[in-house]
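For reference, the structure discussed in these notes is given below.
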Amino acid sequence: MFYFLQKERYMIVSIKKRLSLIFTLLVLCILIANNTLHYILSKNKLIEYNEKEIALITQEVSYQVENAKEGSLYVENIIGRELRTASIAINKSLPSKYEDVTNEQLKALADELMISHITLLARTQDDIIGVKSSDPHEINMSTKEWTYWHDAFQQLFSLSPVTVKEGLALPNYWTGPIEIASSNPDHTDKWGYYYDGSSNFIIDPYLRDNQVLDYEKRFGPANVMDRFTKKLDGILELTVFNPKNFGQKNSSVSINGNTYIKIADQPIWYGTYKYRNQKTDAKLIQTAIKTGKTQSYIKEINGKDVRKTLVPIRTGTAEPYVIGVTYDYSIIEKELKNELLKHLLLSIPFILIVLITSIVFSRSITKPIGYIVEQVNEIAQGNFGKKLVLKRKDELGHLTQNVNALSSFLKNYVDDLKQSQEVIEFQAYHDPLTGLPNRRYFQEELHQGVANVKKTGNIIALLFIDIDRFKDVNDSLGHAKGDRLIKLISERIKGCLPAKDSVLTRQGGDEFVILFSNLDLEKIKEIAETIVAAVKQPYSVEGNEVYVSASCGMSVYPTHTEDPDELMVYSDVSMYAAKKQGGNKVILYDDAINKEKKQRLRIETRLRKAIENEEIEVYYQPKINAQADVITGVEALLRWTDAELGFVRPDIFVSVAEETGLIHSLWELAMRKACSQISKWNEKRLEPLSLAVNFSAKQFQDPAYLVGRVREILSECQLAAQNFEIEITESTLFINSDETIKALESLQEYGVSISIDDFGTGYSSLSYLKTLPINCLKIDRSFIQDIQEDYSDSEIAKAVINLAQSLRLQVVAEGVEQEYQKEFLMKNNCYHMQGYLFSKPVCKEELERLLLNINEQKTYS
86 MFYFLQKERY MIVSIKKRLS LIFTLLVLCI LIANNTLHYI LSKNKLIEYN
136 EKEIALITQE VSYQVENAKE GSLYVENIIG RELRTASIAI NKSLPSKYED
186 VTNEQLKALA DELMISHITL LARTQDDIIG VKSSDPHEIN MSTKEWTYWH
236 DAFQQLFSLS PVTVKEGLAL PNYWTGPIEI ASSNPDHTDK WGYYYDGSSN
286 FIIDPYLRDN QVLDYEKRFG PANVMDRFTK KLDGILELTV FNPKNFGQKN
336 SSVSINGNTY IKIADQPIWY GTYKYRNQKT DAKLIQTAIK TGKTQSYIKE
386 INGKDVRKTL VPIRTGTAEP YVIGVTYDYS IIEKELKNEL LKHLLLSIPF
436 ILIVLITSIV FSRSITKPIG YIVEQVNEIA QGNFGKKLVL KRKDELGHLT
486 QNVNALSSFL KNYVDDLKQS QEVIEFQAYH DPLTGLPNRR YFQEELHQGV
536 ANVKKTGNII ALLFIDIDRF KDVNDSLGHA KGDRLIKLIS ERIKGCLPAK
586 DSVLTRQGGD EFVILFSNLD LEKIKEIAET IVAAVKQPYS VEGNEVYVSA
636 SCGMSVYPTH TEDPDELMVY SDVSMYAAKK QGGNKVILYD DAINKEKKQR
686 LRIETRLRKA IENEEIEVYY QPKINAQADV ITGVEALLRW TDAELGFVRP
736 DIFVSVAEET GLIHSLWELA MRKACSQISK WNEKRLEPLS LAVNFSAKQF
786 QDPAYLVGRV REILSECQLA AQNFEIEITE STLFINSDET IKALESLQEY
836 GVSISIDDFG TGYSSLSYLK TLPINCLKID RSFIQDIQED YSDSEIAKAV
886 INLAQSLRLQ VVAEGVEQEY QKEFLMKNNC YHMQGYLFSK PVCKEELERL
936 LLNINEQKTY S
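Heads up: take any position in the sequence shown, counting from 1, add 85, and you land on the working numbering.
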């Protein structure tokens with residue numbers, strides 16, 4: 086504003102010199118008096134112009150603040166996702182126990198991944214602390230005072246989805262907002278936290294200072310505010326106040342021995358606050374927020390008369406703020422006083438002359454100024470780019486050129502901001518890899534489609550597509566080629582769709598969803614089958630021929646449901662049903678699919694409670710030495726009768742336990758009950774019973790842990806390892822094979838026996854029988870059931886017996902139900918058997934009676 090006042094002042098001097106060449110001293114005095122009077126009349130216009138200039142400045146600053154918030158949030162989410170990628174790389178590079186990790190190792194890994202630091206968090210008895218870190222400040226750092234951060238850590242350790250509102254949650258991962266580091270408040274960090282259960286620590290990589298604040302420094306409002314204060318005369322200071330904390334009591338927090346103020350609680354968000362008048366400013370800021378009206382006052386601060394204007398922005402929202410403009414009022418005040426003094430001295434003798442001549446001469450000044458003011462009003466209202474035409478070579482002409490330059494600059498600047506906003510908006514609704522609409526876009530289209538269907542009575546359909554075996558391709562060829570394959574698949578799917586009435590979106594990973602509208606169901610099915618066939622065709626990815634297929638689930642609105650969220654769930658459920666059937670097909674949702682899933686969810690819920698309450702029973706099926714007619718051992722089998730579900734078949738609830746991860750706690754419950762019971766029985770027996778327990782393949786995903794638990798439970802229950810037998814299927818040997826074989830060898834050295842259950846139904850490789858740590862083969866019951874009374878169809882059973890004997894392995898026949906089956910086995914030197922011919926699986930009380938009866942029979946004999 087002061088810039089324009091100086092131009093006005095120079096204009097007056099210039100006009101005065103020009104008039105001196107034409108008029109006499111009397112005319113010169115009249116012109117001075119006329120201009121003085123005109124200046125007094127123009128006072129209100131100049132002040133009004135100043136207020137509009139302030140409005141223009143605050144409008145631009147608020148626009149920059151809002152743009153910085155949106156852009157910073159977008160960039161912060163990108164950084165959070167990049168930290169998750171770094172976390173996965175770190176997880177693969179570190180041992181599973183933090184005790185085996187060194188701080189120097191973390192520092193080297195942080196340098197390699199180009200992140201600031203890496204910290205490992207682990208649980209203690211009542212806290213979660215930093216146990217290892219490339220940053221010394223983070224070691225032994227407590228987190229239990231960290232409110233929702235601590236809640237997020239606990240949810241990560243429990244392998245539950247993170248539900249805190251702040252930050253960004255992804256599978257096995259959560260990233261908090263950018264904040265001042267409580268361990269070292271001199272820094273501002275962006276953290277990520279990753280835990281997938283494969284280690285005993287949370288991985289915490291983070292970026293620091295310029296790595297997270299660079300976007301706001303480059304594109305935040307500070308640059309524009311600095312330019313205004315430097316280039317616009319009279320603007321002393323621009324400040325963006327936080328009305329929540331400005332002028333309030335100290336809002337600092339004390340965590341980990343450090344005291345600091347959080348970013349969101351800073352009293353001043355942007356700009357400076359050198360012209361302090363905190364008590365008055367705080368009061369007027371609150372008034373501005375409550376009333377929504379601009380507040381201003383004039384006061385001497387720091388030796389200057391200043392006019393402070395406080396403009397409220399976004400009142401009535403969760404995060405309002407106030408922009409403060411400090412203007413050097415002494416510039417206007419000084420000029421007004423000088424001009425007023427001259428007017429008072431000159432107006433008396435020349436009042437009559439001024440009344441006549443001012444009409445003629447004032448127009449030469451007021452008309453162009455009025456014209457300029459009108460155009461500045463247009464700029465203040467956001468109408469940039471309009472050119473002023475004023476054919477003058479004096480200072481007013483120069484001022485017109487400056488206004489035109491300012492208008493042109495603001496127009497270009499606003500156009501650039503709009504273009505940036507369009508880019509951000511596109512990225513918010515589209516997948517960056519394929520360019521397809523993303524999940525957010527899909528949700529809006531789905532709800533719009535539902536609204537249209539309610540009006541037209543048509544249907545809409547969702548086709549949920551998941552790429553089969555894509556993880557194998559990603560793991561074998563790498564993520565870069567995996568991304569290339571995803572792009573090729575998306576293009577192929579797009580080529581199968583009609584030009585309209587369909588929207589293809591990428592949900593993330595290898596999942597796509599298509600929204601169909603205004604098409605009949607048969608046509609949609611035909612398109613879906615075309616997509617399945619197209620996806621199955623081979624792909625060439627950088628010289629590699631790749632084959633994948635697609636599992637598709639379809640649901641229809643309103644046929645299956647009138648709830649858009651349920652419609653998505655139903656298509657997802659149908660897709661998994663297609664996967665269970667081998668993939669490469671389309672499954673249309675029906676109630677049976679959902680009923681099965683709900684039933685399994687119900688079984689999971691009840692099973693979890695049954696395990697907690699130890700309601701699972703252990704039954705025992707005797708193993709017989711038919712030659713000596715004695716019980717040599719038992720196989721532990723699980724039985725469950727639920728109060729709501731009734732009797733649940735073992736194959737059903739065991740498969741649910743394997744899918745949900747409950748198999749570990751179910752196994753521990755069975756082990757403890759069975760080992761304790763056998764140990765009690767053996768205390769009273771001369772010949773101890775052996776115990777055989779079935780192990781799930783899922784348990785061998787962490788073989789070292791499993792070995793440790795077996796040893797601990799046998800020791801706690803005081804059951805000798807020589808009396809314990811592990812039963813596994815052939816397929817288990819090929820899961821994490823090297824580690825599994827080492828675990829079995831370790832158990833065998835400890836004294837535990839290893840049996841292959843259901844032999845002959847799996848891989849049946851002769852090579853592994855010779856080299857692997859195996860003590861016994863159990864002939865599958867299906868081969869025993871094939872044996873006829875005349876011993877026909879007994880070839881497989883006989884071959885397995887001969888194979889075991891040639892390899893010096895013990896052999897046990899399962900499923901013996903007929904006397905002639907027993908006779909055949911004994912003739913072929915297979916004496917160890919189990920089956921209904923001897924006893925079905927029984928509870929511990931019935932087995933005790935059975936053992937007692939056998940003892941009595943022997944005594945009697």
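Note that beta-carbon positions come from the ideal geometry of N, C-alpha and C, so glycine has one too. Since we're looking at a predicted model, the values are computed, not measured.
Could you tell me which residues DSSP pairs with residue i in its beta bridges?
i: K708; result: G718
i: R293; result: D274
i: H917; result: N710, V897
i: D551; result: E596, S636
i: P397; result: V407
i: S877; result: Note: S877 sits in no beta bridge, so no partner.
Taking only the alpha-carbon atoms, compute the straight-line gap between residue i and residue j and give it to the nearest angstrom.
i: M639; j: A546; result: 7 Å
i: N468; j: E322; result: 26 Å
i: Q712; j: I696; result: 39 Å
i: L254; j: N162; result: Per the sequence shown, the amino acid found at residue 254 is Ala instead of Leu. When rounded, the distance between both Cα atoms is 10 Å.
i: E611; j: L673; result: 12 Å
i: D185; j: S267; result: 27 Å
i: K957; j: I709; result: Since the first residue of the chain shown is 86 and the last is 946, residue 957 is not available in this structure.
i: L791; j: L206; result: 24 Å
i: R169; j: L521; result: 23 Å
i: D878; j: I872; result: 5 Å
i: L857; j: G836; result: 15 Å
i: M226; j: T209; result: 12 Å
i: R866; j: I571; result: 46 Å
i: A367; j: A373; result: 10 Å
i: K241; j: L179; result: Before going further, note that residue 241 is Leu rather than Lys in the sequence given. Cα to Cα, L241 sits roughly 18 Å from L179.
i: L776; j: E899; result: 15 Å
i: I939; j: C915; result: 22 Å
i: W231; j: A174; result: 27 Å
i: S656; j: S625; result: 30 Å
i: Y945; j: F923; result: Annotation note: pLDDT 49 at Y945 (below 50); position unreliable, coordinate value reported separately. Taking the straight line from one Cα to the other gives about 20 Å.
i: M199; j: Y134; result: 52 Å
Please state whether the Cβ-Cβ distance between residue i and residue j is less than 8 Å.
i: M36; j: I813; result: Residue numbering for the chain in the displayed model covers 86 to 946; residue 36 lies beyond these limits and cannot be assessed.
i: V658; j: I688; result: no
i: V778; j: A759; result: yes
i: Q906; j: P707; result: no
i: L292; j: S219; result: no
i: V631; j: P643; result: no
i: E627; j: R569; result: yes
i: I288; j: S172; result: yes
i: P735; j: L747; result: no
i: G319; j: I464; result: no
i: S840; j: C861; result: yes
i: Y498; j: Y514; result: no
i: V927; j: L935; result: yes
i: T394; j: I139; result: yes
i: V410; j: Q149; result: no
i: Y414; j: D390; result: yes
How close, in whole Å, do the beta carbons of residue i and residue j come, if the pair is a contact with beta carbons under 8 Å?
i: N629; j: L573; result: Between L573 and N629 the Cβ distance is about 12 Å, and since that is not below 8 Å, they are no contact.
i: P397; j: G377; result: 6 Å
i: R691; j: D727; result: 5 Å
i: S838; j: Q803; result: The pair is not a contact, with the Cβ atoms about 18 Å apart (cut-off 8 Å).
i: L600; j: E530; result: 6 Å
i: I869; j: V901; result: 6 Å
i: L774; j: V703; result: Incorrect: roughly 14 Å between the Cβ atoms, too far for contact.
Would you verify that the beta carbon of residue i is, or is not, closer than 8 Å to some beta carbon of chain D?
i: I701; result: You won't find chain D in this structure, because it holds only one protein chain.
message = For the pair the stretch 158-172 and the stretch 236-247, tell me if three or more CB-CB distances fall below 8 Å.
response = Counting C-beta pairs with one atom in each stretch, the stretch 158-172 and the stretch 236-247 have fewer than three that are closer than 8 Å, which means they do not touch.
inquiry  = Check whether the stretch 491-504 and the stretch 533-553 touch, using three or more Cβ-Cβ pairs below 8 Å as the test.
reply    = Not touching, per the Cβ criterion.
Cβ pair count under 8 Å reaching 3, the stretch 820-834 against the stretch 781-795 = Yes, since at least three Cβ pairs between the stretch 820-834 and the stretch 781-795 fall closer than 8 Å, the two stretches touch.
task = Mind the definition here: the stretch 323-335 touches the stretch 222-239 only if three or more C-beta pairs lie below 8 Å; say whether that holds.
result = Touching, no, given that fewer than three Cβ pairs across the two stretches are closer than 8 Å.
request  = Please confirm if the stretch 545-560 is in contact with the stretch 648-666, defined as three or more CB-CB distances below 8 Å between the two stretches.
outcome  = Look at the beta carbons and you see the stretch 545-560 touching the stretch 648-666: at least three pairs across the two are nearer than 8 Å.
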